[in-house]
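Peer 1: Please see the structure below; I have some questions.
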Amino acid sequence: MYEERPARLTGAVLWTATTDPAAPARPVLPDGCMDLIWADGRLLVAGPDTRAHVPTDTAARYAGLRFAPGDAPRVLGVPARTLRDRLVPLEALWGGAEARRTGERITDAPDPAAALEEFVRLRAAGAPAPDPLLRAVVARLAAGRPVAETADAVGLGARQLHRRSLDAFGYGPKTLARILRLQRALALVRSGVPYAEAAVRAGCADQAHLSREVRTLTGTTLGAYALSANNDTAHPSGSSTTA
């Protein structure tokens, strides 16, 4: 069972999940985000994905804080590009002692999800303030604006925007735009919008274009994704590590 709600950090989502570790894991789809995850007592960081992958190390209980695109690096203190397509123990980033103490406090709390959220809230309060330029980039790309137009709007050259994006998002703005467009399209498909209409509304040239993007970024077909989403009661976008 999967549940989520807005977290007490702008743009973030707090989610929980209970799973059968012996059951086949669902593919995790790219969504432009990074997650800090508590998994049966372990703390993990899920970096930004550029392709779907199937988790090989599963747990029975999860709690996760999914950061808005670009926010995790300032809170966790690590550039997103170093975590691209990776799921790593927090201790690999911070050192064993600090990560273990944090994990023990969260595990011993009556509500690990609430403890995880409070930990992130306090850490974010002591971190650098969110970069309004990066948030403007995400907002424009999420709305389907072209990368070149976005760079001009925020006052950056193409190379500057690419460098800033690597540290903030884990990849360049064109990749982020593709992933956000994919998520827009999949949300429309899940809501019952016909494929061709979903493609155009999301910003694809046509249904064939969307089908190619789905296959490239998710490793499945548009029809297979829609069937799975209709039958699934877990996280609908497949972006959590339990997906």
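Residue numbers (this note's numbering): 5 to 247.
Here a beta-carbon is modelled for each residue, glycine too, at the ideal position from N, C-alpha and C.
(1) Would you give the residue range spanned by the alpha helix (DSSP H) that Tyr-229 belongs to?
(2) Could you compute how far the alpha carbon of Glu-7 sits from the alpha carbon of Pro-25?
(3) If you drop the 5 nearest sequence neighbours on each side, which residues of the same chain put their C-beta closer than 8 Å to that of Val-204?
(4) Check each candidate in Tyr-199, Ser-232 and Pro-132 and name the one with the smallest Cα separation from Arg-216.
(5) Based on the DSSP output, what are the partners of Arg-85 in its beta bridges?
(6) My output table needs one value for Arg-12: the three-state DSSP class, helix, strand or coil.
(7) Drop a sphere of 10 angstroms on the beta-carbon of Gly-174, count the other beta-carbons inside from all chains shown, and report buried for 16 or more, exposed for fewer.
(8) What residue does the beta strand (DSSP E) around Pro-70 start on, and which one ends it?
(9) Count the other CB atoms, across all protein chains shown, that sit within 10 Å of the CB of Arg-168; report buried if there are 16 or more and exposed otherwise.
(10) Is Tyr-6 near the ligand HEM, with its Cβ less than 7 Å from a heavy atom?
(11) Ignore the nearest five residues each way along the sequence and tell me which others in Arg-149's own chain have a CB closer than 8 Å to its CB.
(12) What would DSSP say about Pro-93, mapped onto helix, strand or coil?
(13) On the three-state DSSP scale, how would you describe Ala-205?
(14) Here's a check: name, in chain order, each residue in its chain whose Cβ is nearer than 7 Å to the Cβ of Arg-88, leaving out the five neighbours to either side.
(15) Smallest Cα separation from Pro-28: which of Val-58, Lys-178 and Ala-128?
(16) What would DSSP say about Leu-18, mapped onto helix, strand or coil?
(17) Around the C-beta of Pro-73, are 16 or more other C-beta atoms found within 10 angstroms, so that it is buried, or is it exposed?
Peer 2: The answer reads as follows:
(1) 226-235
(2) 18 Å
(3) Asp-210
(4) Tyr-199
(5) Answer by DSSP bridge pairing: none, since Arg-85 is not bridged.
(6) coil
(7) buried
(8) The sequence shown places Arg at residue 70, rather than the Pro named in the question. Arg-70 -> beta strand (DSSP E) spans 65-70.
(9) buried
(10) Only the bare structure without any ligand can be found here, which leaves the ligand HEM out of the picture.
(11) Ala-157
(12) strand
(13) According to the sequence shown, residue 205 is Arg rather than Ala. Looking at Arg-205 - three-state DSSP - the assignment turns out to be helix.
(14) Gly-51, Pro-52, Thr-54, Gly-174 and Tyr-175
(15) Val-58
(16) strand
(17) buried
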